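Worksheet for the structure shown next.
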Amino acid sequence: MSTKLGAREDLSRKRLPGSEAKVEFVELFFDLVFVFAVTQISHGLLNNLTLLGAFQAAFLLMAVWWVWVYTAWVTNWMDPQRGPVKFMLFVLMLAGLVLSTSIPEAFTERGLMFAGAYVFMQVGRTAFTAWAFRPHDRPNYHNMCRILAWLVLSGVFWIAGALAEGEARFALWIVALVLEYISPSLRFWTPWLGATPTTDWDIDGGHMAERSAAFIIIALGESVVVMGATLAEVELNTGVVLAFLASFGASVAMWWLYFNVGAETGRHRIEASDDPGRIARIAYTYLPVLLVGGIIVTAVADELTVAHPNGHHADLATILTLVGGPALYVFGNLMFKKVTSGMVPLSHLVGLALLLLVGLVGPYAEPLPLSIATTVILFGIAYWEQRLGESRAAHKA
Numbered sequence: 159m160s161t162k163l164g165a166r167e168d169l170s171r172k173r174l175p176g177s178e179a180k181v182e183f184v185e186l187f188f189d190l191v192f193v194f195a196v197t198q199i200s201h202g203l204l205n206n207l208t209l210l211g212a213f214q215a216a217f218l219l220m221a222v223w224w225v226w227v228y229t230a231w232v233t234n235w236m237d238p239q240r241g242p243v244k245f246m247l248f249v250l251m252l253a254g255l256v257l258s259t260s261i262p263e264a265f266t267e268r269g270l271m272f273a274g275a276y277v278f279m280q281v282g283r284t285a286f287t288a289w290a291f292r293p294h295d296r297p298n299y300h301n302m303c304r305i306l307a308w309l310v311l312s313g314v315f316w317i318a319g320a321l322a323e324g325e326a327r328f329a330l331w332i333v334a335l336v337l338e339y340i341s342p343s344l345r346f347w348t349p350w351l352g353a354t355p356t357t358d359w360d361i362d363g364g365h366m367a368e369r370s371a372a373f374i375i376i377a378l379g380e381s382v383v384v385m386g387a388t389l390a391e392v393e394l395n396t397g398v399v400l401a402f403l404a405s406f407g408a409s410v411a412m413w414w415l416y417f418n419v420g421a422e423t424g425r426h427r428i429e430a431s432d433d434p435g436r437i438a439r440i441a442y443t444y445l446p447v448l449l450v451g452g453i454i455v456t457a458v459a460d461e462l463t464v465a466h467p468n469g470h471h472a473d474l475a476t477i478l479t480l481v482g483g484p485a486l487y488v489f490g491n492l493m494f495k496k497v498t499s500g501m502v503p504l505s506h507l508v509g510l511a512l513l514l515l516v517g518l519v520g521p522y523a524e525p526l527p528l529s530i531a532t533t534v535i536l537f538g539i540a541y542w543e544q545r546l547g548e549s550r551a552a553h554k555a
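The sequence shown begins at 159 in my numbering and counts up by one.
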């Protein structure tokens, strides 16, 4: 087959029966750009704790997550150790730095910078992958052509939005992001190529699970940085120390809640599936953004609480972040575990109800006891789930 319009060598990962694709160091190096992006979004929300600020932060997170997760899919198929693929990741890192730098002013002076970097990453990466697959893997080549068509279409709205201002920009960008988010559920249907069967999304489930977990670790790392930076700037007293301990405890509980049970269950489920692409589309493409969003909102709550733990009733912004962050994280875990295990954990439903109760009493309490309460609830959910898992394992034995 001619390679004039494609890569001369096959750049795809070589999979051996019974083996698992390794997450390469260059993939982790690529992730560093998104540490900066998550920090920018977190600080942006903290500096604009309004309804509009929350919508903008959610939108930016969804965009950043989408460009990252599409790259994770590509490196599941392509070998990051090959020179051209590695070079592609370095180019994407550079564009990602431009994207991340423009986040604070994406809706004002740097809209074109943000949208241009985003479209370049999405379209450029997909075009490269289509080029690489063309002579060697026709099903994946056609899949990439479908994806490219959707991204070019959304790119028109991204650039048009960047050239507009105010509400018009946000509206056009919402259209662009909606197009990108619905396209996987439509299996990237195009008039000339139809839709991609999910069985064509032949991925390494273990690699996909590990990559998703890496981004959650990035978000948890941001929460730890926020705690440490805030503690370093305030005068130490009993309230501040207790708030710091409660915030750190919440981060530990969040790690426990996902990684102790959910992450391994999801990994085993996708590895054993005959159609891993279908599971990955939901469990590792759509749902993790809920977990990351919950962590970011909780990090904002941590900074507010450590800086001003007591001496006043909690204001609305503090209550919403203290309760909303953990609630979003628990809900994301609930949905993830429903998809990967087929069950809705009762512990998570009870935890959500208790968090709602904390929110209702929030206006009558100081931030510190609210923070302690949400941390205790998170630990309670994680402990309940672990004990239930141990009990089931004992019965099977």
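For every residue, glycine included, the Cβ atom is placed at its ideal position computed from N, Cα and C. Since the model is a prediction, treat every value here as computed from it, not as a measurement.
Rounded distance between the beta-carbons of residue j and residue i, thought under 8 Å
i: MET246; j: ARG283; result: 7 Å
i: ILE535; j: GLY509; result: 5 Å
i: PHE373; j: LEU389; result: About 25 Å; that fails the 8 Å criterion.
i: TRP359; j: ALA165; result: 20 Å between Cβ atoms; not a contact.
i: LEU400; j: LEU480; result: Contact flag wrong, Cβ pair sits at about 14 Å.
i: ARG171; j: TRP235; result: 6 Å
i: PHE194; j: SER258; result: 5 Å
i: GLU178; j: GLY364; result: 4 Å
i: MET220; j: VAL497; result: Not a contact, Cβ separation roughly 19 Å.
i: ASN491; j: LEU415; result: 6 Å
i: LEU513; j: ILE477; result: 11 Å between Cβ atoms; not a contact.
i: PHE248; j: ILE261; result: Rounded, the Cβ-Cβ distance is 21 Å, inconsistent with contact.
i: LEU378; j: TRP413; result: 6 Å
Residue i - containing alpha helix (DSSP H), residue span
i: SER381; result: 363-391
i: TYR487; result: 474-499
i: HIS506; result: 504-519
i: GLU185; result: 183-205
i: THR208; result: Counting along the chain, THR208 falls outside any alpha helix (DSSP H), and DSSP gives it neither H nor E.
i: GLU325; result: 324-340
i: GLU450; result: One detail in the question is off: residue 450 reads as Val in this sequence, not Glu. Here the alpha helix (DSSP H) through VAL450 covers 446-465.
i: LEU400; result: 396-415
i: TYR299; result: 296-321
i: GLY435; result: 434-439
i: GLU422; result: 421-430
CA nearest to the CA of residue i, picked from the options
i: LYS180; options: PRO238, GLY211 and MET220; result: PRO238
i: ILE317; options: GLY274, ALA285, ALA288 and VAL333; result: GLY274
i: LEU351; options: ARG296, THR396, ALA371 and GLU393; result: ARG296
i: GLY452; options: GLY319, LEU270 and GLU380; result: GLU380
i: ASN206; options: HIS471, LEU462 and MET412; result: LEU462
i: LEU204; options: GLY538, ALA465 and VAL519; result: ALA465
i: LEU250; options: SER260, ALA367 and TYR276; result: TYR276
i: GLN214; options: VAL398, VAL455 and VAL502; result: VAL455
i: LEU335; options: TRP347, GLY324 and LEU309; result: LEU309
i: MET279; options: THR208, VAL191 and PRO262; result: VAL191
i: PHE418; options: LEU209, THR287 and GLU548; result: Sequence check: residue 418 is Asn here, not Phe. Nearest C-alpha to ASN418: GLU548.
i: SER253; options: THR229, LYS496 and THR266; result: Inspection of the sequence shows that residue 253 is occupied by Ala rather than by Ser. For the residues THR229, LYS496 and THR266, the minimum Cα distance to ALA253 belongs to THR229.
i: GLU338; options: ILE539, GLY324, VAL243 and ARG439; result: ARG439
i: ARG427; options: TYR487, ASP362 and MET271; result: ASP362
i: GLU263; options: GLY241, MET366 and GLY324; result: GLY324
i: THR443; options: LEU311, ALA523, GLY319 and TRP231; result: TRP231
i: HIS470; options: LEU344, GLY397, ARG436 and LEU492; result: GLY397
i: GLU182; options: PHE265, ARG369 and PRO355; result: ARG369
i: MET493; options: SER343, SER341, ILE437 and THR356; result: ILE437
i: VAL227; options: VAL256, GLU185 and ALA212; result: GLU185
i: CYS303; options: GLY313, ARG268 and THR348; result: THR348
i: VAL383; options: GLN198, GLU167 and LEU163; result: GLN198
i: LEU270; options: LYS244, ALA285 and PHE328; result: PHE328
For residue i, the residue or residues it bridges with in DSSP
i: THR229; result: According to DSSP, THR229 bridges with nothing at all.
i: SER170; result: MET236
i: GLY352; result: THR348
Residue i beta carbon near the ligand NAD (any heavy atom closer than 7 Å)
i: TYR522; result: Ligands in the displayed structure: none, and consequently the ligand NAD is not present.
**Message:** Give the list of continuous alpha helix (DSSP H) stretches no shorter than 4 residues that lie fully inside the region 236-290.
**Reply:** Within the region 236-290, the runs of alpha helix (DSSP H) at least 4 residues long that lie entirely inside it are, in chain order, 241-260.
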